[in-house]
Each structure stands twice: as C-alpha cells, then as structure tokens.
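Read in order, the letters of the sequence shown are residues 1 to 260 in full-length UniProt numbering.
Built from N, CA and C at the ideal position, the CB exists for glycine as well.
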Amino acid sequence: MPLPKGKKPGQHRDWGLLPIVMVCGLASFVYYGIVSQKPGHPNATQMKPFSILGESKWCDVCQLWKPDRTHHCRVCGACVLKMDHHCPWVNGCVGISNYRFYVQFLCYVTLLGTWIFTTSLAAFIQFNGLSTFDGIALSILIIGGIITFILGAFTMSHLWLILKNQTTIENSQFQKWKREKLSGNTRLIPMFTESGKNVFDRGYRQNWLEVMGSNRLLWFLPLMSKQGTDGVHFGHSSQTLKEYQDEDGSRRIKAQMSAK
Ligand SMILES: [Zn+2]
Ligand SMILES: [Zn+2]
C-alpha cells in the first residue's frame, strides 16, 4: 500500500478516510434506528393469537397473550415479538422491528474495524511499525484488531443464527437443552423436536429472506428495519411441524396418564 504524499511512516492513520466516514455514517444512522425504534410488542388483546406451536402463553405482567417466539423482557417490563435479547449497548430490546438494523450495525462496525486493522497492519509491516509507529497509531492497530476478532465473531454468530432461523434466546435454550440431554434430562423445549429440528427452519435461503427481505439492496442499506414476518405468523417446515405435533400429542397423552 503506497504512503500518501507528504506523510511519514506511522502517519498512515488518515489513509482511506472516505470509507471510514461512510461506514461511520451508516453505523450512526442505523444505531439511531435501533435505539429510536420500538422492538415490536404484541397487541394487547384478550383474544388468543395464532400459534403454530399449538399453545399461546399468557403474560401475567403485561396481561396479554404472547404469540409464538414472544418473550417478556424483565428489564424493559414488556413483551417483545420474536425477542432476540435485551441489549445494554442500545439500552433496550432487540426484537422483530429492529433486528435487521441491529445486524446491519454489527456488520458496519465489523467492516470498519477490519478496514482499520488491515490497513494499520499493512503499514506496520511495511514501515517496521515497532520503531516508526507512535502511541496513537499503535492504539488504532490494537483497537482495530479487537473489533475485528471479537465483534467479528459476534457478528458471524448472528449471521449464522439468521441462517438457522433462531434468536439468541432460542439458541441459548437449545444449547442448554443439548447439554441437559447429554446428562439424561429429557425435558422438551418449544419449537424444537426431540431430535433437535427447528420447526421454523426452512433452509438457509428462506431463513435469510425471512429476516433480511427479498430486496438485495436492503440487505446492505439501513432503509427498512422490519423483518419479513409480522411477529405472529412465521414460515415453517411442514415436515418438521408434523414431527413436532406428533411428539406434542404423545407428550400430552403421557402427561395425562401420569397425572391419573
Ligand atoms: Zn410481558
Ligand atoms: Zn428489554
């Protein structure tokens, strides 16, 4: 990478300022979107909502029916549709209405960190940074590396969850269930079959489109935050659903027999 005219080694940190400004602008815009947008709450209705899993649950705190994949956030004191998690960094919940913005924010910041890290590292190697880098240039290199690897791994995990059609909460329940299963506990969890298949998993492509939408431009631009579902009705795999319902039926019969 050439050194800009009039710059000494170690003063590389203003290289490629334009992409940094652009990505910072996008990240700020999308961060504002996450914070200002409500995560999506269920309607306060006394009517039971549609549930493909068979049984809507009642929230005693909010006094409303929770559609499938809805969870009550104790910090916010509210139910959130397709709740992903409560995020202290945005001081609120990430749910059906702001999840796309959240993922885009993670991608922008990871891109920014990777750009800063790789250009800093290239300059460090090219100009023997140990003797030419000042404290600020070294700090930028280290912070860029931290963002690239730690936030990068976090971003990748969210992209993976989208492809698997699971939220952070659902995945942590699933991982806990897998650990318990190994130790002999056969407790079952909503939306997963006994063999660990997810009712909402329709394959990578459909799962991705459900969250990110069919307009490819909007995958990269923060112009619309809503997902491709209303938070009550979700796409599902008919085959897995049948397996789930069959298991659910036999579970109920067993529960009734053991109660007698
Ligand atoms: Zn609630
Ligand atoms: Zn919350």
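Beta-carbon spacing of residue i, residue j below 8 Å
i: D230; j: I169; result: no
i: S172; j: V199; result: no
i: I116; j: I136; result: no
i: N207; j: K242; result: no
i: G152; j: T114; result: yes
i: residue 271; j: W65; result: Residue 271 lies beyond the stretch modelled for the chain, which goes from 1 to 260, so this question has no answer here.
i: I150; j: V211; result: no
i: V35; j: V90; result: yes
i: D248; j: G54; result: yes
i: T240; j: T193; result: yes
i: P222; j: G33; result: yes
i: Q175; j: S97; result: no
i: I147; j: V94; result: no
i: L138; j: I20; result: no
i: T155; j: L209; result: no
Check: residue i C-beta below 7 Å from any heavy atom of ligand 1
i: V232; result: no
i: A78; result: yes
i: C62; result: yes
i: C24; result: no
i: C59; result: yes
First through last residue of the alpha helix (DSSP H) which encompasses residue i
i: K48; result: From DSSP, K48 is part of no alpha helix (DSSP H); its letter is neither H nor E.
i: V21; result: 17-36
i: L182; result: 168-182
i: C59; result: Unbroken run through C59 is the beta strand (DSSP E), 57-59; no alpha helix (DSSP H).
i: L53; result: From DSSP, L53 is part of no alpha helix (DSSP H); its letter is neither H nor E.
i: L209; result: 204-212
i: L121; result: 99-126
i: W217; result: The identity of residue 217 in the sequence shown is Leu, whereas the question assumes Trp. Counting along the chain, the alpha helix (DSSP H) containing L217 begins and ends at 216-220.
i: T132; result: 129-132
i: S139; result: 135-146
Beta strand (DSSP E) segment containing residue i, residue limits
i: V94; result: 92-94
i: G85; result: Looking at the sequence shown, residue 85 is not Gly but His. Here the beta strand (DSSP E) through H85 covers 85-87.
i: H158; result: Counting along the chain, H158 falls outside any beta strand (DSSP E), though it belongs to the alpha helix (DSSP H) covering 152-164.
i: C79; result: 78-80
i: C73; result: 71-73
i: L188; result: Neither: L188 is in no beta strand (DSSP E) and is coded neither H nor E.
i: L64; result: 64-66
* To do: Determine, using beta-carbon pairs with one atom in the segment 68-75 and one in the segment 17-27, whether at least three such pairs fall under 8 Å.
  => They do not touch, by the three-pair rule.
* Nearest-residue set for ligand 2, Cβ under 6 Å from any heavy atom -> Those residues are C73, V75, C76, H86, G92, C93, given in chain order.
* Is the segment 73-80 touching the segment 216-226 in the sense that three or more CB pairs, one from each, lie closer than 8 Å? -> Fewer than three Cβ pairs drawn from the segment 216-226 and the segment 73-80 lie within less than 8 Å of each other, which leaves the two stretches out of contact.
* Asked: Using 8 Å as the Cβ pair cut-off and three pairs as the minimum, do the segment 116-133 and the segment 99-108 touch?
  -> No: the two stretches stay apart, fewer than three of their Cβ pairs being nearer than 8 Å.
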